[in-house]
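All remarks here apply to the structure that follows.
Structure, rendered in structure tokens:
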């Protein structure tokens, strides 16, 4: 197979990015916009040794799982990767993705998952679920103002058809129409990312599903918004309008928001609820975008925590305290940890407005705060160590830092509730916890982002309880009833690899089996983590020109597989 080849292929599987997967004479092709069950004509755009990427040219035979996209820009826009897949099939794909990662990367037994994995929680109506939208503002080729979303993996703005994204609330269209009218009438320029010129960069809209309150924030490349009274005249007529602000971002960056928010009208926040907990949300607040499924997700976390009112709970990576305050209603004490200072201020304020007094929050990196707390407790209480009844973690996509996992294990919680937005790093961390005294008890995926490939998962792990114990006295040395040290040395010698395993051998094995290459430094990093001898480890003293990236979870597992194959571990 080579670039520009045109072939017909049946799509038999779905990749983790939602792309269709098919094979031609054993050669694997990944095809964007193809649905499992399709027979398609494709053009090879990139050809590797064992696999390639192809563009969908024509659907020869439609799959039973293919549906018409509600949005005509679904294929170009980066927001909806699988809108043309039947929703029930989307749920099956996401559940299978979580399951396969736990099996392949987490070494969880299939038979065990058959017993403990609950059905995925989907939505009755998988559209109009987003309470937040961020629209980049630009111009088209004719110079007309447009609002839209970025095409996948680019910063090319795809105009939202009729300015009405089917994942967002209908109010978004009304707001965008008024803002674009204001910009045209007052000759306000759109930001040009390449030239770093122009004023309006983005429009942020938040909507309270429970309260019906609306927030609008314009992100601008300047210090003030000209003729803002004209804009207010338009926006304040919209029912539910509660907060109008602008945010200053004059940096040459693809980060959307700056740090300074300036009020124009009304409050600087809106209010919404998850269950019976009230949250005040500012333009800079992190808040889950799907309130319906957030309540389902947090309800699962609360159920798995099994609180009776007597427990001490740690909520690690707590954000603005969304899970913390949910848990505080049922726990004796909750401690939250979050790296973003503003998020912790929001968490404290949200606790106050809900009259929750049993939640305490710490600012700092989880990988620093938790170990430091554990060490300080040991100093202050000689002979004791800090404990927790339940620890809840909701880390970013990279998962938990090793120091966080180590400290969690040392604190010996009865239950660990792991809320994850990336099932690959979840599986990695579950494997570590299972190797260190915990057993996986329940798994439930929740579809927080219909029409996309993303999925949230909640896992319950509990402390293993021994069936019993016996005391065995072993004496080493020479003489009757003793274990000779020579025998131990000989046995240890027998476990050494029979030949010197080189980095080249490991790399060739991985490329042949997995179809991708790994850097020698990645192999060295995994060996170091496993405590293996390094011999001629690469770059031992080399001064790197830039920080080296770490291997992905997939590559780490492939390297470990190769080390097992060559009997290094």
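Residue numbers (the UniProt record's numbering): 1 to 569.
Note that CB positions come from ideal geometry on N, CA and C, so glycine has one too.
This structure is a prediction, so every number in the text was calculated from the model and none was measured.
Which listed residue (the options) has its alpha carbon closest to that of residue i
| i | options | result |
| --- | --- | --- |
| residue 463 | 28, 337, 416, 506 | 416 |
| residue 218 | 347, 208, 211, 235 | 235 |
| residue 414 | 53, 174, 433 | 433 |
| residue 116 | 158, 3, 184, 440 | 440 |
| residue 283 | 203, 332, 350, 298 | 203 |
| residue 316 | 130, 63, 359, 520 | 359 |
| residue 52 | 75, 72, 2, 97 | 2 |
| residue 350 | 258, 38, 319, 369 | 319 |
| residue 58 | 46, 304, 9 | 9 |
| residue 106 | 569, 558, 565, 566 | 558 |
| residue 223 | 555, 261, 242 | 261 |
| residue 528 | 563, 508, 507, 513 | 563 |
| residue 87 | 230, 152, 126, 244 | 126 |
| residue 265 | 252, 229, 16, 142 | 229 |
| residue 119 | 568, 556, 458 | 458 |
| residue 133 | 28, 287, 114 | 287 |
Three-way DSSP call (helix, strand, coil) for residue i in this model
| i | result |
| --- | --- |
| residue 557 | helix |
| residue 8 | strand |
| residue 45 | strand |
| residue 331 | coil |
| residue 116 | helix |
| residue 107 | coil |
| residue 573 | Lying before the first or after the last residue shown, residue 573 is absent from the chain, which here runs from 1 to 569. |
| residue 511 | helix |
| residue 523 | helix |
| residue 163 | helix |
| residue 615 | Here the chain comprises residues numbered 1 to 569, so residue 615 is not present and cannot be evaluated. |
| residue 518 | coil |
| residue 326 | helix |
| residue 158 | strand |
| residue 129 | coil |
| residue 568 | coil |
| residue 373 | helix |
| residue 247 | strand |
| residue 13 | strand |
| residue 25 | coil |
| residue 415 | strand |
| residue 497 | The pLDDT assigned to residue 497 is 45, lower than 50, so where the model puts this residue is not dependable, and the model offers no usable value. |
| residue 505 | helix |
| residue 196 | coil |
| residue 353 | helix |
| residue 145 | strand |
| residue 384 | coil |
| residue 537 | Caution applies to residue 537, whose pLDDT of 45 falls short of 50 and renders its modelled position unreliable; the value that the coordinates give is listed next. Three-state DSSP puts residue 537 in coil, outside helix and strand. |
Beta-carbon separation (whole angstroms), residue i vs residue j, contact threshold 8 Å
| i | j | result |
| --- | --- | --- |
| residue 5 | residue 44 | 5 Å |
| residue 431 | residue 460 | Actually they do not touch by this definition, with Cβ atoms about 16 Å apart. |
| residue 82 | residue 452 | 7 Å |
| residue 425 | residue 553 | 6 Å |
| residue 189 | residue 199 | 5 Å |
| residue 22 | residue 35 | Residue 22 to residue 35, Cβ: 11 Å. No contact. |
| residue 209 | residue 291 | 5 Å |
| residue 122 | residue 422 | The Cβ separation is near 19 Å, so there is no contact. |
| residue 281 | residue 326 | At roughly 16 Å, the Cβ-Cβ gap does not stay under 8 Å, so residue 281 and residue 326 are not in contact. |
| residue 201 | residue 168 | In fact, because the Cβ distance is near 19 Å, the residues do not count as touching under 8 Å. |
Residue i - containing beta strand (DSSP E), residue span
| i | result |
| --- | --- |
| residue 54 | 51 to 61 |
| residue 95 | Careful: residue 95 lies outside any beta strand (DSSP E), inside the alpha helix (DSSP H) at 87 to 104. |
| residue 315 | 312 to 316 |
| residue 68 | From DSSP, residue 68 is part of no beta strand (DSSP E); its letter is neither H nor E. |
| residue 273 | 270 to 274 |
| residue 359 | 359 to 363 |
| residue 201 | 200 to 207 |
| residue 281 | 277 to 281 |
| residue 77 | That residue, residue 77, is in no beta strand (DSSP E); it is neither H nor E in DSSP. |
| residue 391 | 390 to 393 |
| residue 260 | 260 to 266 |
| residue 188 | Unbroken run through residue 188: none, as it is neither H nor E. |
Residue range of the unbroken alpha helix (DSSP H) whose run includes residue i
| i | result |
| --- | --- |
| residue 215 | That residue, residue 215, is in no alpha helix (DSSP H); its beta strand (DSSP E) goes 214 to 220. |
| residue 294 | 291 to 305 |
| residue 403 | 402 to 411 |
| residue 133 | Per DSSP, residue 133 belongs to no alpha helix (DSSP H); it is in the beta strand (DSSP E), 132 to 139. |
| residue 235 | 228 to 235 |
| residue 182 | 171 to 185 |
is_contact[residue i, chain D] using C-beta, thresh 7 Å
| i | result |
| --- | --- |
| residue 288 | The structure shown contains no chain D; it is built from a single protein chain. |
For a minimum of 4 consecutive residues, which ranges assigned as the alpha helix (DSSP H) are wholly contained in the region 420 to 470? 423 to 434
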